[in-house]
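Q: Numbering that gives the first Met the number 0 applies: residue 0 is where the sequence shown begins, and numbers increase by one.
Cβ atoms here follow ideal geometry from the backbone N, Cα and C, with glycine treated the same way.
Below is the structure I would like to discuss, written out as structure tokens.
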Amino acid sequence: MTTSLDDAMTTLRPWIGRVRVIEDDIALPMVRRVASMLDRDPDSFKAGMELPAHWFSMFFVDIARQSELREDGHAKGGVVLPPIPMPRRMGAGRRLKLMGGLRIGQPALRKSEVVDIVPKSGRSGNIFVLTLRNTIEQDGRVLAVDEFDAIYREATPPGQKTTATVPASAPSDHAWQDTVLLSETLVFRYSAITWNAHRIHYDADYARGVEGYEHTVHNGGLTMQLMIDAALKRAPTPLRGLTARLTYPLWVGDPLTIRGAEVRDGRMKVWAADKAGHLCGEMDLEFA
Numbered sequence: 000m001t002t003s004l005d006d007a008m009t010t011l012r013p014w015i016g017r018v019r020v021i022e023d024d025i026a027l028p029m030v031r032r033v034a035s036m037l038d039r040d041p042d043s044f045k046a047g048m049e050l051p052a053h054w055f056s057m058f059f060v061d062i063a064r065q066s067e068l069r070e071d072g073h074a075k076g077g078v079v080l081p082p083i084p085m086p087r088r089m090g091a092g093r094r095l096k097l098m099g100g101l102r103i104g105q106p107a108l109r110k111s112e113v114v115d116i117v118p119k120s121g122r123s124g125n126i127f128v129l130t131l132r133n134t135i136e137q138d139g140r141v142l143a144v145d146e147f148d149a150i151y152r153e154a155t156p157p158g159q160k161t162t163a164t165v166p167a168s169a170p171s172d173h174a175w176q177d178t179v180l181l182s183e184t185l186v187f188r189y190s191a192i193t194w195n196a197h198r199i200h201y202d203a204d205y206a207r208g209v210e211g212y213e214h215t216v217h218n219g220g221l222t223m224q225l226m227i228d229a230a231l232k233r234a235p236t237p238l239r240g241l242t243a244r245l246t247y248p249l250w251v252g253d254p255l256t257i258r259g260a261e262v263r264d265g266r267m268k269v270w271a272a273d274k275a276g277h278l279c280g281e282m283d284l285e286f287a
């Protein structure tokens, strides 16, 4: 570990174990916006109904004042997340357990705990891995425990392309597949619902010129949402948990192909491919 990483950990280590609580009333108008974004009939959702269990991730959004945002659209370090001294943040892995779905119009809360902050040095430079655990509760009952990892990277030097993982080919031994267009309107509406102002998702000049991407970057949370929705079309019983990993970036405006295997012993493997056939994400789902 370099001296700079050691110095940063002096500031970051006290954040480990901190818990923030965010309340939400799971309002019917917001539920209907979510349904519309996912191309479901908004009028079919009524007060008191139980939502699909994995929809909790589109509520309990972190709220920062406009003056608290960085250039990239994220909140400044220390406002809602630890002040990790690296500007580029991307989602990586996720481990989820589900016990039930939120009910529309009833108060609920999310407890967010900083589980760990790990500095690493490697071929692509220095990074930090932040692990968060979100616990969703409603009416005194735990409905979900969602643990995920975010990777923080150093800034891309001006004029250079971002360092990307070497792509692997997506498996072709699938039993089913769906294709979804990652349209600008879909990504915009998801970002609006989740209050995500990260500029790599909508500002092409920023994404290319500052962070070194080819184009605007598709939102990883939406990728996982679409993968789960595709799997649930073929699921025999309710979803109870999953592990997921994002492996390669997807670009706004491109098609996403979601493929999966048959359910075996209550489990299903699902993966996502871009238009070139690169593996972009993989997921193992467990059903009740």
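Locate the beta strand (DSSP E) running through L245, then write down its first and last residues.
A: It spans L238 to L245 - the beta strand (DSSP E) in which L245 sits, taken as one unbroken run.
Q: Please specify which runs of the beta strand (DSSP E), each continuous and at least 3 residues long, are wholly inside the region 30 to 99, giving them in chain order.
A: Fully enclosed beta strand (DSSP E) runs of 3 or longer: 87 to 97.
Q: For the beta strand (DSSP E) containing R263, name the first residue and the last one.
A: Unbroken run through R263: none, as it is neither H nor E.
Q: What are the uninterrupted segments assigned as beta strand (DSSP E) that are 3 or more residues long and contained completely in the region 122 to 190, given in chain order?
A: The qualifying runs are 124 to 137, 140 to 152 and 175 to 180.
Q: Can you find the residues in the same chain that come closer than 7 angstroms, C-beta to C-beta, to M0, ignoring five residues on each side of it along the sequence?
A: Note that M0 scores a pLDDT of 46, beneath 50, so its modelled location is shaky; the value from the coordinates is reported in the next line. Excluding residues within five positions, the ones whose Cβ falls inside 7 angstroms are P118 and S120.
Q: Considering only residues of the same chain and omitting the five flanking positions on each side of K96, which have a CB-CB separation below 6 angstroms?
A: If we look at K96 and ignore the five residues flanking it on each side, its Cβ neighbours are V144 and G240.
Q: Give me the DSSP bridge partner(s) of I116.
A: Bridge partners of I116: L129.
Q: What do you get for E70, buried or exposed, if any count of 16 or more other CB atoms within 10 angstroms of its CB means buried?
A: With fewer than 16 Cβ atoms within 10 Å of its Cβ, E70 is classed as exposed.
Q: Expressed to the nearest angstrom, what Euclidean distance is found between the alpha-carbon atoms of V165 and I192?
A: Straight-line Cα distance between these residues: approximately 32 angstroms.
Q: What are the boundary residues of the beta strand (DSSP E) that R290 is part of?
A: What the structure shows of the chain is the stretch from 0 to 287, and residue 290 is not part of that stretch, so it cannot be assessed.
Q: Quick one: residues in its chain with C-beta nearer than 8 angstroms to the C-beta of L68, no 5 flanking neighbours on either side, listed in chain order?
A: Contacts found: A74, K75 and A196.
Q: Whole angstroms are fine: how far does the CA of L108 sit from the CA of G90?
A: Going by the C-alpha atoms only, they are around 22 angstroms apart.
Q: Smallest Cα separation from A230: which of A275, L181 and E281?
A: Nearest of A275, L181 and E281 to A230, Cα basis: E281.
Q: Look up M0 in the DSSP assignment and say whether it is helix, strand or coil.
A: With a pLDDT of only 46 at M0, under 50, the local geometry of the prediction cannot be trusted, and the value read off the model is given with reservation. If DSSP states are grouped into helix, strand and coil, M0 belongs with coil.
Q: Whole beta strand (DSSP E) runs in the region 190 to 241 with 3 or more residues, listed along the chain?
A: Taking only runs of at least 3 residues, no beta strand (DSSP E) segment lies wholly in the region 190 to 241.
Q: Are there three or more Cβ pairs, one per stretch, closer than 8 angstroms when the region 244 to 257 is compared with the region 131 to 139?
A: Counting Cβ pairs under 8 angstroms, fewer than three are found: no touch.
Q: So, are the CB atoms of L185 and M85 less than 9 angstroms apart?
A: Result no, Cβ atoms of L185 and M85 do not sit closer than 9 angstroms.
Q: How many angstroms separate the CA atom of V179 from the CA atom of T9?
A: C-alpha separation (whole angstroms): 44 angstroms.
Q: Would you kindly work out how many angstroms separate the C-alpha atoms of L4 and H53, rounded to a whole number?
A: When rounded, the distance between both Cα atoms is 36 angstroms.
Q: Smallest Cα separation from V209: which of S168, P28, G72 and M29?
A: Checked all of S168, P28, G72 and M29; the closest Cα to V209 is G72.
Q: Buried or exposed, going by whether 16 or more other CB atoms sit within 10 Å of the CB of A275?
A: With fewer than 16 Cβ atoms within 10 Å of its Cβ, A275 is classed as exposed.
Q: Straight-line CA distance for A174 to I15?
A: Going from the Cα of A174 to the Cα of I15 covers about 42 angstroms.
Q: Starting from L278, trace the beta strand (DSSP E) both ways and give me its first and last residue.
A: Note, L278: beta strand (DSSP E), L278 to F286.
Q: Write down the C-beta distance between T242 and D283 rounded to the nearest angstrom, noting that I regard them as a contact closer than 8 angstroms.
A: Indeed, because the Cβ distance is near 5 angstroms, the residues count as touching under 8 angstroms.
Q: Answer yes or no: do L278 and L221 have a C-beta to C-beta separation smaller than 9 angstroms?
A: No, Cβ-Cβ distance for L278 and L221 is not below 9 angstroms.
Q: Please identify the residue among R188, Y151 and D172 whose C-alpha is closest to the C-alpha of R32.
A: Considering only alpha carbons, the answer is R188.
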